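Visitor: In UniProt numbering, the protein residues as written are 1 to 931.
Idealized CB from N, CA, C, for every residue including glycine.
From a predicted model like this one, the values you see are computed outputs, not experimental measurements.
1) Under 8 angstroms by Cβ, that's how I've got residue 231 and residue 242 pegged, so tell me the actual separation to the nearest angstrom.
2) Taking the alpha-carbon positions, what's the residue 44 to residue 144 distance?
3) Roughly how far, in whole angstroms, is the beta-carbon of residue 312 from the beta-carbon of residue 354, given that I think they are within contact range, below 8 angstroms?
4) Who does residue 144 pair with in a DSSP beta bridge?
5) By the DSSP assignment, the beta strand (DSSP E) with residue 657 in it spans what residues?
6) Assuming residue 711 contacts residue 744 under a Cβ cut-off of 8 angstroms, what Cβ separation, rounded to an integer in Å, is found between them?
7) For residue 729, does the count of other Cβ atoms within 10 angstroms reach 16, so buried, or fall short, so exposed?
8) Quick one: which unbroken alpha helix (DSSP H) runs of 4-plus residues sit fully inside the segment 891–916? Chain order, please.
9) Counting Cβ pairs closer than 8 angstroms, one from the segment 367–387 and one from the segment 292–312, do we hit at least three?
10) Assuming residue 564 and residue 585 make a contact with CB atoms under 8 angstroms, what is their CB distance in whole Å?
11) Please state the DSSP three-state secondary structure of residue 547.
12) Assuming residue 487 and residue 505 make a contact with CB atoms under 8 angstroms, what is their CB distance in whole Å?
13) Beta-carbon separation of residue 347 and residue 169 under 8 angstroms?
14) Can you pull the DSSP bridge partners for residue 434?
15) Here's a check: name, in chain order, each residue in its chain whose Cβ is nearer than 8 angstroms to the Cβ of residue 826, leaving out the five neighbours to either side.
16) Using the Cβ count rule (16 or more neighbours within 10 Å means buried), how would you classify residue 404?
17) If you check the beta carbons only, do residue 424 and residue 651 fall under 8 angstroms apart?
18) So what does residue 347 bridge to, in DSSP terms?
19) Can you tell me where the alpha helix (DSSP H) with residue 382 in it begins and where it stops?
20) Using only the alpha-carbon positions, how far apart do residue 616 and residue 622 sit?
21) For residue 895, which of 925, 294, 236 has the nearest alpha-carbon?
22) Once you ignore the five residues that flank residue 363 on each side, which residues in its own chain have a CB closer than 8 angstroms to its CB?
23) Taking the C-alpha atoms as reference points, what is the distance between residue 776 and residue 786?
24) Check whether the Cβ atoms of residue 901 and residue 856 sit closer than 8 angstroms, and answer yes or no.
25) With three or more beta-carbon pairs closer than 8 angstroms as the criterion, would you say the segment 297–306 touches the segment 315–334?
26) Please give the ranges of any alpha helix (DSSP H) in the segment 446–522, keeping only runs that are unbroken, at least 4 residues long and fully inside the region.
27) Counting only the same chain and skipping the five closest in sequence on each side, list residues whose C-beta sits under 6 angstroms from that of residue 823.
28) For residue 266, name the three-state secondary structure that DSSP assigns.
29) Using the beta-carbon count (16 or more within 10 Å), is residue 449 buried or exposed?
30) Under the three-state reduction of DSSP, which class applies to residue 197: helix, strand or coil?
31) Could you give the distance in angstroms between the alpha-carbon of residue 748 and the alpha-carbon of residue 861?
32) Residue 141 to residue 633, Cα distance in whole Å?
33) Taking Cβ to Cβ, would you say residue 485 is nearer than 8 angstroms to residue 636?
34) In whole angstroms, what separates the C-alpha of residue 514 from that of residue 680?
35) Closer than 8 angstroms is the cut-off here; do at least three beta carbon pairs connect the segment 123–130 with the segment 517–528?
36) Does the count of Cβ pairs from the segment 387–395 and the segment 458–467 closer than 8 angstroms reach three?
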């Protein structure tokens with residue numbers, strides 16, 4: 001599958017070019033898109049939204065409301081917060097903390113600090129900064145998907161009564177702006193982002209002890225309730241009879257305020273094993289409201305903070321974690337839990353609320369946790385008992401706790417650079433992923449005949465100008481290793497062969513596991529496995545593929561859905577992967593359900609288990625890759641896709657197709673041996689919440705269910721009227737469950753045009769000719785009805801030309817009722833079947849003809865007019881009595897087409913070149929007919 005590639009160039013060159021292209025694209029987009037009010041749907045309370053309450057009922061967190069954190073902060077001596085420690089049981093959110101006495105299997109995450117410790121022992125791969133570390137001092141945290149502004153924030157919880165760990169509720173919004181400070185004419189001057197410069201000028205950007213200024217300034221808008229507290233600033237005297245009540249606007253010492261609240265003095269004792277109500281009421285101000293944060297515990301007023309007050313709406317966090325110093329020293333316990341009964345948010349909608357985008361809003365959540373899920377972890381995360389991951393795609397929203405929707409491009413470049421070249425395909429787009437509301441995931445593909453949205457994207461992220469060769473893909477949010485991967489899906493028959501078999505159609509249905517890691521050439525793993533001594537980096541590309549269609553061998557010929565490509569990878573080089581060209585024994589592009597399965601066993605020396613991968617179709621083993629075939633060792637994400645490779649998928653001679661998926665099931669194996677490492681770029685190439693309508697951030701509006709119902713068959717196709725060159729059609733309107741958007745009119749089995757109404761005029765036809773018509777209705781989802789009744793219509797015989805000698809095959813006459821008569825002093829003659837008018841400085845050249853017509857009957861007059869020689873204007877007039885009812889003119893070349901309706905029974909057609917001109921004007925093929 002190879003979603004990353006490029007050994008020919010230095011990764012640093014590629015990375016710099018990529019950044020440049022993104023910067024250019026951002027500039028272009030900023031200049032093109034209109035600027036307006038922010039209306040992102042993941043802001044809760046920006047509009048007139050009611051109270052949000054979460055009672056944590058059920059057995060799992062609602063993915064429409066909550067994110068689970070997988071990250072580390074707060075010093076060198078803790079191991080972060082992990083998803084395994086988040087549980088929902090008996091109407092409570094349980095946030096679990098593992099202290100210094102814990103010896104269980106759950107390990108934490110750690111972000112090595114290059115400024116404070118030696119990070120060489122971690123052997124961090126390129127663009128990888130998080131590693132798995134010890135199992136002690138590991139906490140848990142969740143955050144709201146939505147951003148919330150001013151309002152009342154309430155948590156009812158039993159806090160952990162032991163010192164060493166913090167039980168917390170906080171609002172958080174973070175923005176980072178880059179810049180630098182240097183000397184100019186003896187004065188310190190800031191440069192970079194305008195916000196960085198503003199912070200410097202306002203004295204909020206401060207130097208360190210050496211006088212050096214930071215490379216960025218951060219707006220850290222935050223409100224905290226943290227326990228245990230202490231009497232004052234020094235980290236001593238910690239107690240649960242005290243609390244820390246904080247507000248932040250930045251990261252500097254001068255940009256936050258802490259109230260050291262004495263709860264015991266108010267008779268409040270929160271470490272008694274009972275539920276207590278923790279609340280802050282955040283006022284940003286405006287309309288007479290004073291900016292402040294009021295704190296309450298058990299409905300008793302505690303304190304008010306009026307300094308360093310945030311205004312940016314942020315995510316709401318609930319968590320237990322292990323600060324280095326201020327929570328009271330050692331965590332002398334094994335496992336403790338904070339039990340949250342409910343959380344409630346009542347928005348205030350105050351005028352001073354600010355709704356700003358965050359830096360890094362998608363970093364640090366469970367979908368970036370690279371450790372493979374075990375059976376127990378699966379049960380904990382989704383409240384199941386089977387120990388297996390499963391999604392039946394029921395409902396109308398794609399579960400964002402299980403899946404990520406891809407928005408990226410891979411598969412070939414037309415050009416010499418992945419930055420400047422044109423991608424072969426349009427990538428995979430989130431708009432092509434949908435649920436049909438009937439228990440199926442739909443992955444759509446748009447071929448070379450498609451002319452609609454969405455537009456594709458190039459490898460460098462630049463949008464394409466068409467929607468051709470655009471596919472779709474999703475991947476699991478979490479990582480999985482050894483086990484059984486089963487997918488039931490229906491591969492469409494898009495193009496039929498001579499025996500009604502499905503033929504390759506450019507788009508490839510695929511199932512694959514994927515883990516990608518770039519390493520400097522000096523890293524131990526690269527030195528051990530790198531087969532290219534000239535490369536400045538090495539790629540660990542751990543991957544297993546089931547791809548359709550297959551072919552007989554390496555040459556990209558003979559593609560067929562009777563075969564498949566079954567691949568195993570450990571790297572990108574030719575010597576680091578294996579492909580089996582497998583004969584399936586049947587054509588799977590048959591619009592029927594089939595079950596596809598990958599059984600992956602990573603080498604487990606501790607249990608004397610050899611590595612292998614088996615590929616099965618409908619329960620039958622089709623191929624087994626043994627230990628010599630580059631069996632992957634690193635857990636990865638499971639991908640499902642329908643995409644367009646450059647050379648080996650066939651020609652995309654179709655408009656639209658969709659791959660239907662009934663379910664996905666993964667059964668993990670309880671074996672060891674996996675190499676657990678973070679990926680490079682784990683959060684690149686995905687659709688954000690606001691980019692994919694099939695996700696939901698509470699409160700959800702209406703579910704975007706995929707429409708798979710075609711409109712009803714068009715009925716009663718008839719022809720009310722016709723002429724020698726046109727046929728009018730009409731029909732009875734079709735009916736659709738959502739709505740008909742258009743009607744495709746077919747003439748002699750070819751699409752002629754599309755209209756939105758129930759009538760049409762087909763013009764440009766030949767007289768005395770029979771044409772066959774049928775009509776199909778379509779809806780916005782691209783569903784198309786069956787064809788209407790077939791209608792055969794013969795055009796009328798050619799209408800008589802009412803103008804005599806309209807082709808000027810003969811000369812002028814003396815009677816204008818018998819042909820063309822010269823009526824002015826200028827020269828007029830006929831040569832070679834053309835009328836020629838020769839005006840002069842003093843003479844008008846003109847001819848006329850009188851034609852008998854029927855009053856109130858519409859007529860058409862067509863013909864060709866042009867000039868030669870000096871610039872000269874020629875005119876065509878149609879007189880009804882003394883009134884001109886139609887006219888045209890030019891001083892170049894023109895085809896006239898006049899339509900008019902006379903009121904009398906005679907018309908006078910006048911062709912004229914006015915005096916004071918010296919060129920020649922010509923006329924030919926004058927035809928006057930009834931409509």
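Guide: In short:
1) Counting from one through the chain shown, the residue named residue 231 turns up at place 231. Counting from one through the chain shown, the residue named residue 242 turns up at place 242. The Cβ separation is near 7 angstroms, so the contact holds.
2) Here residue 44 is taken as the residue at index 44 of the chain shown, counted from 1. Here residue 144 is taken as the residue at index 144 of the chain shown, counted from 1. Taken atom to atom, the span from the alpha-carbon of residue 44 to that of residue 144 is near 10 angstroms.
3) To locate residue 312, count along the chain shown from 1; it is residue 312. To locate residue 354, count along the chain shown from 1; it is residue 354. That pair is a contact at about 5 angstroms.
4) By 1-based counting over the chain shown, the position of residue 144 is 144. DSSP output for residue 144 lists 66 as bridge partner(s).
5) Walking along the chain shown from the start, residue 657 turns up at place 657. 656–668 is the extent of the beta strand (DSSP E) around residue 657.
6) Within the chain shown, numbered from 1, the residue matching residue 711 stands at position 711. Within the chain shown, numbered from 1, the residue matching residue 744 stands at position 744. The pair is not a contact, with the Cβ atoms about 11 angstroms apart (cut-off 8 angstroms).
7) As a working mapping, residue 729 is identified with position 729 in the chain shown. Buried.
8) none
9) Counting Cβ pairs under 8 angstroms, fewer than three are found: no touch.
10) Position 564 of the chain shown, counted from the start, is the residue given in the question as residue 564. Position 585 of the chain shown, counted from the start, is the residue given in the question as residue 585. With a Cβ gap of about 11 angstroms, residue 564 and residue 585 do not count as contacting.
11) The residue given as residue 547 occupies position 547 in the chain shown. In the structure shown, residue 547 sits in a strand (DSSP, three-state: E or B).
12) Walking along the chain shown from the start, residue 487 turns up at place 487. Walking along the chain shown from the start, residue 505 turns up at place 505. With a Cβ gap of about 20 angstroms, residue 487 and residue 505 do not count as contacting.
13) The sequence position of residue 347 within the chain shown is 347, counting from 1. The sequence position of residue 169 within the chain shown is 169, counting from 1. Cβ atoms of residue 347 and residue 169: not closer than 8 angstroms.
14) Taking the chain shown and counting its residues from 1, the one referred to as residue 434 is at position 434. Under DSSP, residue 434 takes part in a beta bridge, and its partners are 442.
15) Your numbering for residue 826 matches position 826 in the chain shown. Cβ neighbours of residue 826 beyond the five flanking positions: 837, 838, 839, 840, 843, 844, 845, 846, 913, 915.
16) To locate residue 404, count along the chain shown from 1; it is residue 404. With 16 or more Cβ atoms within 10 Å of its Cβ, residue 404 is classed as buried.
17) Within the chain shown, numbered from 1, the residue matching residue 424 stands at position 424. Within the chain shown, numbered from 1, the residue matching residue 651 stands at position 651. No, the Cβ-Cβ distance between residue 424 and residue 651 is not below 8 angstroms.
18) Position 347 of the chain shown, counted from the start, is the residue given in the question as residue 347. Residue 347 pairs with 151.
19) Position 382 of the chain shown, counted from the first residue, corresponds to residue 382. That run of the alpha helix (DSSP H) goes 375–382.
20) In the chain shown, the residue the question calls residue 616 occupies position 616. In the chain shown, the residue the question calls residue 622 occupies position 622. Roughly 5 angstroms between the two C-alpha positions.
21) Along the chain shown, read from residue 1 onward, the residue named residue 895 stands at position 895. Ranking the options by Cα distance to residue 895, first place goes to 925.
22) To locate residue 363, count along the chain shown from 1; it is residue 363. Excluding positions up to five away in sequence, the list reads 71, 683.
23) Here residue 776 corresponds to residue number 776 of the chain shown, with the count starting at 1. Here residue 786 corresponds to residue number 786 of the chain shown, with the count starting at 1. Rounded to whole angstroms, residue 776 to residue 786 spans 6 angstroms at the Cα level.
24) Translated into the one-based positions of the chain shown, residue 901 becomes position 901. Translated into the one-based positions of the chain shown, residue 856 becomes position 856. With a cutoff of 8 angstroms on beta-carbon distance, residue 901 and residue 856 are scored as near each other.
25) no
26) Whole alpha helix (DSSP H) segments, 4+ residues: zero.
27) By one-based count along the chain shown, residue 823 stands at place 823. Excluding sequence neighbours, residue 823 sits near 846, 848.
28) In the chain shown, the residue the question calls residue 266 occupies position 266. Residue 266: helix per DSSP, three-state reduction.
29) Your numbering for residue 449 matches position 449 in the chain shown. Residue 449 comes out exposed.
30) Counting from 1 along the chain shown, the entry for residue 197 is found at position 197. Correct three-state label for residue 197: helix.
31) On the chain shown, position 748 is the one that residue 748 refers to. On the chain shown, position 861 is the one that residue 861 refers to. C-alpha separation (whole angstroms): 29 angstroms.
32) Here residue 141 refers to the residue found at position 141 when the chain shown is read from its first residue. Here residue 633 refers to the residue found at position 633 when the chain shown is read from its first residue. Taking the straight line from one Cα to the other gives about 30 angstroms.
33) Your numbering for residue 485 matches position 485 in the chain shown. Your numbering for residue 636 matches position 636 in the chain shown. Remark: C-beta atoms of residue 485 and residue 636 do not approach each other more closely than 8 angstroms.
34) Numbered from its first residue, the chain shown carries residue 514 at position 514. Numbered from its first residue, the chain shown carries residue 680 at position 680. Distance between the alpha carbons of residue 514 and residue 680 is about 12 angstroms.
35) With a cut-off of 8 angstroms, the segment 517–528 and the segment 123–130 count as touching, because enough Cβ pairs lie within range.
36) no
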